[in-house]
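K.L.:
Residue numbers for the sequence shown follow UniProt numbering, so the first one is 146 and each next one is one higher.
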Amino acid sequence: HGTLTVSELADKLNKDASEIIKKLMFLGVMATKNQDLDDDSIELICAEFDVEVEKEIILEDTDLDKYISEDKPEDLVERPAVVTIMGHVDHGKTTLLDSIRHTKVTAGEAGGITQHIGAYQVENDGKKITFLDTPGHAAFTSMRSRGAQVTDVAILVVAADDGVMPQTVEAINHAKAAEVPIIVAVNKMDKEAANPNRVMQELTEYELVPEDWGGDTIFVNLSAIKGEGIDELLEMIVLVSEVEELKANPNNNAFGTVIDAQLDKGRGSVATLLVQNGTLHVGDSIVVGNTHGRVRAMVNDVGQRVTEAGPSTPVEITGLNEVPEAGDQFLVFKDEKKARQIGEARQQKKIQESRSEQTKVSLDDLFEQI
Ligand code: GTP
Ligand code: MG
Numbered sequence: 146h147g148t149l150t151v152s153e154l155a156d157k158l159n160k161d162a163s164e165i166i167k168k169l170m171f172l173g174v175m176a177t178k179n180q181d182l183d184d185d186s187i188e189l190i191c192a193e194f195d196v197e198v199e200k201e202i203i204l205e206d207t208d209l210d211k212y213i214s215e216d217k218p219e220d221l222v223e224r225p226a227v228v229t230i231m232g233h234v235d236h237g238k239t240t241l242l243d244s245i246r247h248t249k250v251t252a253g254e255a256g257g258i259t260q261h262i263g264a265y266q267v268e269n270d271g272k273k274i275t276f277l278d279t280p281g282h283a284a285f286t287s288m289r290s291r292g293a294q295v296t297d298v299a300i301l302v303v304a305a306d307d308g309v310m311p312q313t314v315e316a317i318n319h320a321k322a323a324e325v326p327i328i329v330a331v332n333k334m335d336k337e338a339a340n341p342n343r344v345m346q347e348l349t350e351y352e353l354v355p356e357d358w359g360g361d362t363i364f365v366n367l368s369a370i371k372g373e374g375i376d377e378l379l380e381m382i383v384l385v386s387e388v389e390e391l392k393a394n395p396n397n398n399a400f401g402t403v404i405d406a407q408l409d410k411g412r413g414s415v416a417t418l419l420v421q422n423g424t425l426h427v428g429d430s431i432v433v434g435n436t437h438g439r440v441r442a443m444v445n446d447v448g449q450r451v452t453e454a455g456p457s458t459p460v461e462i463t464g465l466n467e468v469p470e471a472g473d474q475f476l477v478f479k480d481e482k483k484a485r486q487i488g489e490a491r492q493q494k495k496i497q498e499s500r501s502e503q504t505k506v507s508l509d510d511l512f513e514q515i
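See the structure below:
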């Protein structure tokens, strides 16, 4: 919070400052017009005037960030990069993802070729890379708005025959706001109308200048459909992520973000989670968004049952009470009771919020309106 003075509060409540001062006196507090008020006094005065102020105590107790334990630097180890593919409609994002997967999914894994979840890992030169398939950038946006950095590298797909389009610009803005490095994949190079120079030209307007032209943005020309340029793209991803020194502690309680979730007739609530730190285990007590539960079963990106999932690993889980939302945070608790308490408090808080959206005013709102 900032602070709120007596006269500022008076303005918000449509009262005269003298009325506030009188109430304060009644409560045993001597105050002047320009005096800063603490949260408790604000709440008391609001109550005196029959304005209900939402309590923030609940909010503090249910904030998952507060329960994340810090990692010691010596516990951190390298983790795979998490890469999101973005770009305009029909510029070839899905085709590119398929192409990467088919080139890189090894023969041994071929049995699990069916893609169960919108996220997967490939291996290039012994290094794993995690790809996220987040249609419509919705998850990306909500993850960003929650301040959680999910993506390490953004691949901007631009069709060489079409050039920069509205959603290309949107994707650039998302990636820039999240301060994620962008690699440009100029796709559909096999087409006769392909004009990669035009793409480069157009992107300079958005400060994406190729190295050949004195900038520092990596451009890779490729044809997703023919599988050309894929290896180079993967190399560049590894190069860029090495600079970022991506690390995590596999021995902490797992936390991360919901990529996708739905209700399955047989299995109940099914959620695709990206583990960002720690290791997730079957049997873990977990709070996910406004729901909670115990991890009953886990399935990896190639449809195999697994018992644990480390940093940067996408995994599908069952065992939650309800269906969370894409972009929700999750956190594992050692103590099952604690997980239940916090999960229930968060659920309760959500119900309260939706019930009282119009009638209550939060302290934050009061400060924001100044
Ligand atoms: P949305 O998910 O709708 O935003 O589209 P997308 O970006 O995923 O594009 P998608 O991969 O579905 O490809 C769109 C069309 O472009 C399909 O008909 C693809 O076959 C075609 N396409 C994709 N990559 C290439 C390519 O490298 N060359 C050619 N010639 N066609 C391509
Ligand atoms: Mg697609």
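A virtual CB, placed ideally from N, CA and C, is assigned to each residue, including glycine.
Tell me the residue span of the beta strand (DSSP E) that contains LEU418.
P.N.:
413-422 is the span of the beta strand (DSSP E), which, as asked, contains LEU418.
K.L.:
Candidates ASP409, GLY423, GLY374, THR402: which alpha carbon is nearest LYS392's?
P.N.:
Comparing Cα-Cα distances from LYS392 to each of ASP409, GLY423, GLY374, THR402, the minimum goes to GLY423.
K.L.:
What distance in whole Å lies between the Cβ atoms of LEU182 and LEU154, which are believed to be in contact at a cut-off of 8 Å?
P.N.:
So it is a contact: roughly 6 Å between Cβ atoms.
K.L.:
Quick check: HIS233 and PRO341, are their CB atoms within less than 8 Å of each other?
P.N.:
Result no, Cβ atoms of HIS233 and PRO341 do not sit closer than 8 Å.
K.L.:
Using only CA atoms, which one of THR229, TYR265, THR436 lies nearest to ILE328?
P.N.:
Looking at the Cα atoms, THR229 is the closest of the given residues.
K.L.:
Got a sec? Which residues, its chain only, sit under 8 Å from VAL365 by beta carbon, not counting five neighbours each side?
P.N.:
Closer than 8 Å at Cβ, skipping near neighbours: ILE328, VAL329, ALA330, VAL331, GLY374, GLU377, LEU378, MET381.
K.L.:
Going by the C-beta, is SER368 closer than 7 Å to any heavy atom of the ligand GTP?
P.N.:
Indeed, a heavy atom of the ligand GTP lies less than 7 Å from the Cβ.
K.L.:
Run the proximity test for LYS392: is its beta-carbon closer than 7 Å to any non-hydrogen atom belonging to the ligand MG?
P.N.:
No.
K.L.:
Less than 7 Å separating the Cβ of THR240 from some heavy atom of the ligand GTP?
P.N.:
Yes - the ligand GTP has a heavy atom lying nearer than 7 Å to the Cβ of THR240.
K.L.:
Would you mind reading off the limits of the alpha helix (DSSP H) that contains GLU337?
P.N.:
Unbroken run through GLU337: none, as it is neither H nor E.
K.L.:
Bridge partners for LEU277 per DSSP, in chain order?
P.N.:
LEU277 is bridged to THR229, ALA264.
K.L.:
Would you call ARG500 buried or exposed, if buried means 16 or more other Cβ atoms sit within 10 Å of its Cβ?
P.N.:
Burial call: exposed.
K.L.:
If you draw a straight line from the C-alpha of ARG412 to the C-alpha of ASP405, how long is it?
P.N.:
Near 15 Å, if we compare the C-alpha coordinates of ASP405 and ARG412.
K.L.:
Is there contact here, the stretch 420-439 with the stretch 462-473, by at least three beta-carbon pairs under 8 Å?
P.N.:
Touching, yes, given that three or more Cβ pairs across the two stretches are closer than 8 Å.
K.L.:
Tell me the DSSP secondary structure of HIS319 in three-state form.
P.N.:
Residue state, collapsed to three classes: helix.
K.L.:
Can you tell me which residues form a DSSP beta bridge with LEU182?
P.N.:
In the DSSP output, where bridge partners are listed per residue, LEU182 has LEU149.
K.L.:
Look at the alpha carbon of LEU429 and the alpha carbon of SER214, and state the distance between them as a whole number of angstroms.
P.N.:
The question names Leu, but residue 429 in the sequence shown is Asp. Looking at the two C-alpha atoms, the distance is approximately 16 Å.
K.L.:
So the alpha helix (DSSP H) GLN492 belongs to, where does it begin and stop?
P.N.:
That run of the alpha helix (DSSP H) goes 481-500.
K.L.:
Using a Cβ-Cβ cut-off of 8 Å (strictly less than) and excluding sequence neighbours within five positions of ASN179, which residues of its own chain qualify?
P.N.:
Excluding sequence neighbours, ASN179 sits near THR150, VAL151, SER152.
K.L.:
Let me know if ASP161 comes out buried or exposed under the rule of 16 or more other beta-carbons within 10 Å of its beta-carbon.
P.N.:
Counting Cβ neighbours within 10 Å, ASP161 comes out exposed, since fewer than 16 surround it.
K.L.:
Using only CA atoms, which one of GLY438, GLY401, LYS410, HIS426 lies nearest to VAL420?
P.N.:
The option with the nearest alpha carbon to VAL420 is GLY401.
K.L.:
Check whether the Cβ of ASP409 sits closer than 7 Å to any heavy atom of the ligand GTP, and report yes or no.
P.N.:
No, Cβ of ASP409 sits at least 7 Å from all heavy atoms of the ligand GTP.
K.L.:
Let me know if ILE496 comes out buried or exposed under the rule of 16 or more other beta-carbons within 10 Å of its beta-carbon.
P.N.:
Classification for ILE496: exposed.
K.L.:
Are ASP216 and ASN398 closer than 8 Å when you measure CB to CB?
P.N.:
No. Outside cutoff.
K.L.:
Where does the unbroken alpha helix (DSSP H) through ASP206 begin, and where does it stop?
P.N.:
It spans 202-207 - the alpha helix (DSSP H) in which ASP206 sits, taken as one unbroken run.
K.L.:
Alpha carbon to alpha carbon, what distance is there between THR417 and VAL446?
P.N.:
Per the sequence shown, the amino acid found at residue 446 is Asp instead of Val. Going from the Cα of ASP446 to the Cα of THR417 covers about 10 Å.
K.L.:
So HIS437 and ALA484 are supposed to be a Cβ contact under 8 Å. How far apart are they, rounded?
P.N.:
About 5 Å separates the two Cβ atoms, so the contact holds.
K.L.:
Leaving out the 5 sequence neighbours to the left and right, which residues in its chain are closer than 7 Å to ALA255 when beta-carbon positions are compared?
P.N.:
The predicted position of ALA255 is uncertain, since its pLDDT is 40 and thus under 50; no value can be drawn from it.
K.L.:
Does the Cβ of VAL174 lie closer than 7 Å to at least one heavy atom of the ligand GTP?
P.N.:
No - the ligand GTP has no heavy atom lying nearer than 7 Å to the Cβ of VAL174.
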